[in-house]
Amino acid sequence: MTDGITRRMVLRGAGAAGVVGALATRAPTSAWAQAGAQAPALGGQESVQSALKRLFGARPLKDGAGVIKLEAPPIAENGALVQVSVEAASPMTAANHVKTIYLVADKNRIPVVTRATLTPEMGQAFVGETIRLGETTDVRAIVEQSDGTLLQVRREVKVTVGGCGG
Amino acid sequence: MADDVGRIRIRVPSSIKAGDVVRVRALVIHPMERIERDAQGKIVQKAYRYINQVTVTYLGRTILTLDTTQSVSENPSFTFAFRATDPGPLTITFLDTTGGKYAGLADIKLA
Numbered sequence: 033m034t035d036g037i038t039r040r041m042v043l044r045g046a047g048a049a050g051v052v053g054a055l056a057t058r059a060p061t062s063a064w065a066q067a068g069a070q071a072p073a074l075g076g077q078e079s080v081q082s083a084l085k086r087l088f089g090a091r092p093l094k095d096g097a098g099v100i101k102l103e104a105p106p107i108a109e110n111g112a113l114v115q116v117s118v119e120a121a122s123p124m125t126a127a128n129h130v131k132t133i134y135l136v137a138d139k140n141r142i143p144v145v146t147r148a149t150l151t152p153e154m155g156q157a158f159v160g161e162t163i164r165l166g167e168t169t170d171v172r173a174i175v176e177q178s179d180g181t182l183l184q185v186r187r188e189v190k191v192t193v194g195g196c197g198g
Numbered sequence: 018m019a020d021d022v023g024r025i026r027i028r029v030p031s032s033i034k035a036g037d038v039v040r041v042r043a044l045v046i047h048p049m050e051r052i053e054r055d056a057q058g059k060i061v062q063k064a065y066r067y068i069n070q071v072t073v074t075y076l077g078r079t080i081l082t083l084d085t086t087q088s089v090s091e092n093p094s095f096t097f098a099f100r101a102t103d104p105g106p107l108t109i110t111f112l113d114t115t116g117g118k119y120a121g122l123a124d125i126k127l128a
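Quick note, the sequences are listed as chains A and B, same order. The first sequence begins at 33 in my numbering and counts up one residue at a time. The second sequence begins at 18 in my numbering and counts up one residue at a time.
In structure tokens:
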């Protein structure tokens, strides 16, 4: 597959054809590294406990049942494609808004699915996406508000056919 | 199939009034390679190709950033809300781990 060659070339940042790609790659990566100290990849192969500890340290996760609406199917026939969405009740003003929404699938080998960084311009704290689930697991939505409060809700999704492989 | 990688479809409501909070759905064709294991169950070390960042800008300002991992599905779709204040471009940019950059544009028109 020609794909493989391009990928290697881009990664090494070497080769004539790779140069353009490498320039394109470098810029966002370094900008991202400067933007925050979160640079080590968002999620790796780890347990959900160590992932949460890494992301939030000892900060308490409060129950967000009244604030967060996590929509996920109770039974997912195909773990390769599970539609989930998170909506948090928030005025989304500069002073009081949802800053970050984390989506975590407890039993996935890579438990952290997404970190969404929101802004007040969105008008509504809503993010939905299609995720993979390796097996029947709790899915959590963790919401960080602008004052630093962390709220969490979870929901079990039964998976008939796992979709993570790995 | 490979040619389709990076094809983006963005759906916005057909009629938007100024000040409305509207929901947008963006779909991108992407393999989102998952981790492979060999016969011994050891992880195959290679550069996996998956989208690790999605950025949404509206009127030139970044309104949403998503950092994603391999736990996101193949050909993923992302849904979000934003407040449509002025007509203008809404762009969604997907970056993958191999340097791929795919951008989609929706022109927001107000009714």
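For glycine and all other residues, C-beta sits at the position ideal for the given N, C-alpha and C.
Among the options, nearest to residue i - alpha-carbon criterion
i: Val185(A); options: Ile163(A), Asp170(A), Val193(A); result: Asp170(A)
i: Ile33(B); options: Phe99(B), Phe111(B), Thr82(B); result: Phe99(B)
i: Ser90(B); options: Asp124(B), Ala101(B), Ile52(B); result: Ile52(B)
i: Tyr119(B); options: Leu44(B), Ala35(B), Arg28(B); result: Leu44(B)
i: Ser82(A); options: Ala112(A), Glu119(A), Val144(A), Val191(A); result: Val144(A)
i: Val116(A); options: Gly160(A), Arg164(A), Thr168(A); result: Gly160(A)
i: Pro93(B); options: Pro92(A), Ile163(A), Thr125(A); result: Ile163(A)
i: Ile124(B); options: Met49(B), Phe111(B), Gly77(B), Thr115(B); result: It is Asp, not Ile, that sits at residue 124(B) in the sequence shown. Ranking the options by Cα distance to Asp124(B), first place goes to Gly77(B).
i: Lys139(A); options: Glu167(A), Gly75(A), Val191(A), Glu119(A); result: Glu167(A)
i: Pro123(A); options: Glu109(A), Val114(A), Val99(A); result: Val99(A)
i: Gly155(A); options: Asp55(B), Tyr75(B), Leu122(B), Gly117(B); result: Tyr75(B)
i: Ala120(A); options: Ala112(A), Thr192(A), Glu103(A); result: Glu103(A)
i: Tyr134(A); options: Leu113(A), Gln77(A), Leu93(A); result: Leu93(A)
i: Ser88(B); options: Val191(A), Glu188(A), Lys190(A), Leu165(A); result: Leu165(A)
i: Pro48(B); options: Asp113(B), Arg54(B), Ile60(B); result: Asp113(B)
i: Lys63(B); options: Arg28(B), Glu50(B), Val41(B); result: Glu50(B)
i: Leu127(B); options: Gln57(B), Asp37(B), Ala56(B); result: Asp37(B)
Residue-level contact to chain B via CB, residue i, 8 Å cutoff
i: Asp179(A); result: no
i: Leu43(A); result: Since pLDDT at Leu43(A) reaches only 44, below the 50 mark, its modelled position is unreliable, and no value is offered.
i: Ala126(A); result: no
i: Glu153(A); result: yes
i: Val145(A); result: yes
i: Ala69(A); result: Summary for Ala69(A): the model assigns pLDDT 37, below 50, so the residue's position carries little reliability, and this model does not support an answer.
i: Gln184(A); result: no
i: Arg141(A); result: yes
i: Ile100(A); result: no
Neighbour flag for residue i against chain A, beta carbons, 8 Å
i: Phe99(B); result: yes
i: Asp103(B); result: no
i: Gln87(B); result: yes
i: Ser94(B); result: yes
i: Tyr67(B); result: no
i: Asp84(B); result: yes
i: Ile25(B); result: no
i: Val38(B); result: yes
Terminal residues of the beta strand (DSSP E) in which residue i lies
i: Lys190(A); result: 182-193
i: Arg40(B); result: 38-45
i: Ile174(A); result: 169-177
Extent of the continuous alpha helix (DSSP H) run through residue i
i: Ala83(A); result: 80-88
Bridge-paired residues (DSSP) for residue i
i: Thr151(A); result: BP columns for Thr151(A) are empty, so no partner.
i: Glu161(A); result: Val116(A), Phe95(B)
i: Asp113(B); result: Ile68(B)
i: Gln156(A); result: The partner list for Gln156(A) (beta bridge, DSSP) is empty, contrary to what the question assumes.
i: Ala120(B); result: Thr110(B)
query: At a cut of 8 Å, does the stretch 100-115 of chain B reach the stretch 173-184 of chain A through at least three beta carbon pairs?
result: no
Validate contact between the stretch 83-100 of chain A and the stretch 160-176 of chain A using beta carbons, cut 8 Å, 3 pairs: yes
query: Just checking, does the stretch 60-80 of chain B make contact with the stretch 128-135 of chain A on the three C-beta pairs under 8 Å criterion?
result: no
task: Tell me, please, whether the stretch 133-150 of chain A touches the stretch 77-87 of chain B by the rule of three or more beta-carbon pairs shorter than 8 Å.
output: yes
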